[in-house]
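What follows is one structure encoded as structure tokens, with my remarks underneath.
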Amino acid sequence: MNDITATLLTFSPVTLFFAVILLSYLLEDLAIVTASVAASQGVMSVPVALAAIFVGIATGDIGLYALGLWARRWRKLRGFLLTKPSVRMIRRKLRAHAFGNLFLIRFVPGLRFVGFCLSGFFRVGLKPFLSAVLVATALWTALVFALVYQLGEIEWINNHLSWGLIPVVVLLLIAVNRVAGSKLKEKAVCTD
Numbered sequence: 001m002n003d004i005t006a007t008l009l010t011f012s013p014v015t016l017f018f019a020v021i022l023l024s025y026l027l028e029d030l031a032i033v034t035a036s037v038a039a040s041q042g043v044m045s046v047p048v049a050l051a052a053i054f055v056g057i058a059t060g061d062i063g064l065y066a067l068g069l070w071a072r073r074w075r076k077l078r079g080f081l082l083t084k085p086s087v088r089m090i091r092r093k094l095r096a097h098a099f100g101n102l103f104l105i106r107f108v109p110g111l112r113f114v115g116f117c118l119s120g121f122f123r124v125g126l127k128p129f130l131s132a133v134l135v136a137t138a139l140w141t142a143l144v145f146a147l148v149y150q151l152g153e154i155e156w157i158n159n160h161l162s163w164g165l166i167p168v169v170v171l172l173l174i175a176v177n178r179v180a181g182s183k184l185k186e187k188a189v190c191t192d
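The sequence shown begins at 1 in full-length UniProt numbering and counts up one residue at a time.
Okay, here's the thing in structure tokens:
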């Protein structure tokens with residue numbers, strides 16, 4: 001057992017649960033990787049780690065939707081946004097294909113904040129918003145968690161590199177997100 005694991009074992013599971021939720025508000029991928037390493041080290045149970053990540057990401061996304069709803073209160077902002085032809089086109093696309101667009105927005109770096117806030121601002125239905133966000137969050141969380149957890153279970157990594165795995169995997173996720181995001185943006189430009 002290394003020093004980090006020993007230190008984290010001194011915290012209660014409830015404290016660790018809320019720490020992962022708070023971390024997910026700042027950096028989701030870091031929270032997923034940290035929770036999966038913690039679970040592979042026995043610091044958190046797998047169900048608690050997955051639940052903390054899911055609750056953190058889902059409530060953060062709902063918070064962005066609520067922020068968009070709240071922003072509608074400013075008349076000047078509404079007038080400014082709703083008179084722009086590009087914004088009206090975005091509103092039509094979000095309303096017409098809410099589930100598919102919101103599902104994709106979850107995976108494209110840089111679009112989540114704007115897309116989810118605009119969903120609230122344009123009053124995209126809460127049911128399609130929640131279903132897209134929850135399905136996409138569950139898929140992404142399960143995929144990344146399972147991969148990192150399996151890496152953490154490898155004996156050599158577990159003994160020597162377990163907590164050092166966090167920055168490596170986060171940097172890898174950032175790189176993959178950037179490449180995938182640029183490919184999706186190129187594809188979107190080509191189809192318009």
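Positions of the beta carbon are idealized from the N, C-alpha and C atoms, including for glycine.
Fair warning: this is a prediction, and the values are worked out from it, not measured in the lab.
Give the single residue among the options whose Cα lies nearest to the Cα of residue i.
| i | options | result |
| --- | --- | --- |
| Asp29 | Phe122, Ala52 and Arg78 | Ala52 |
| Ser45 | Val20, Ala58 and Leu27 | Val20 |
| Ala35 | Phe145, Gly110, Ala136 and Pro109 | Phe145 |
| Asn101 | Ala132, Pro47, Ala175 and Leu151 | Ala132 |
| Leu111 | Phe17, Leu23 and Asp61 | Asp61 |
What do you get for residue i, buried or exposed, if any count of 16 or more other CB atoms within 10 angstroms of its CB means buried?
| i | result |
| --- | --- |
| Trp156 | In this prediction, Trp156 scores a pLDDT of 48, lower than 50, which makes its location untrustworthy; the coordinate-derived value is nonetheless stated afterwards. Trp156 should be labelled exposed. |
| Gln41 | buried |
| Gly115 | buried |
| Gly56 | buried |
| Phe113 | exposed |
| Leu118 | buried |
| Ala136 | buried |
| Thr141 | buried |
Taking C-beta to C-beta, are residue i and residue j nearer than 9 Å?
| i | j | result |
| --- | --- | --- |
| Leu134 | Ala58 | yes |
| Tyr25 | Phe129 | no |
| Phe54 | Ile90 | no |
| Ala33 | Val148 | Note on residue identity: the sequence assigns Val, not Ala, to residue 33. Against a cut-off of 9 Å, the Cβ pair of Val148 and Val33 comes out as a contact. |
Residues in the same chain with beta-carbon distance under 8 Å from residue i, minus the five sequence neighbours each way, listed in chain order, please.
| i | result |
| --- | --- |
| Ala49 | Val20, Ala35, Ser36, Ala38, Ala39 and Phe145 |
| residue 204 | Since the first residue of the chain shown is 1 and the last is 192, residue 204 is not available in this structure. |
If you drop the 5 nearest sequence neighbours on each side, which residues of the same chain put their C-beta closer than 6 Å to that of residue i?
| i | result |
| --- | --- |
| Phe80 | none |
| Leu67 | Cys117 |
Excluding the 5 residues flanking residue i on each side, which residues of the same chain have their C-beta closer than 7 Å to its C-beta?
| i | result |
| --- | --- |
| Arg78 | Arg72 |
| Val14 | none |
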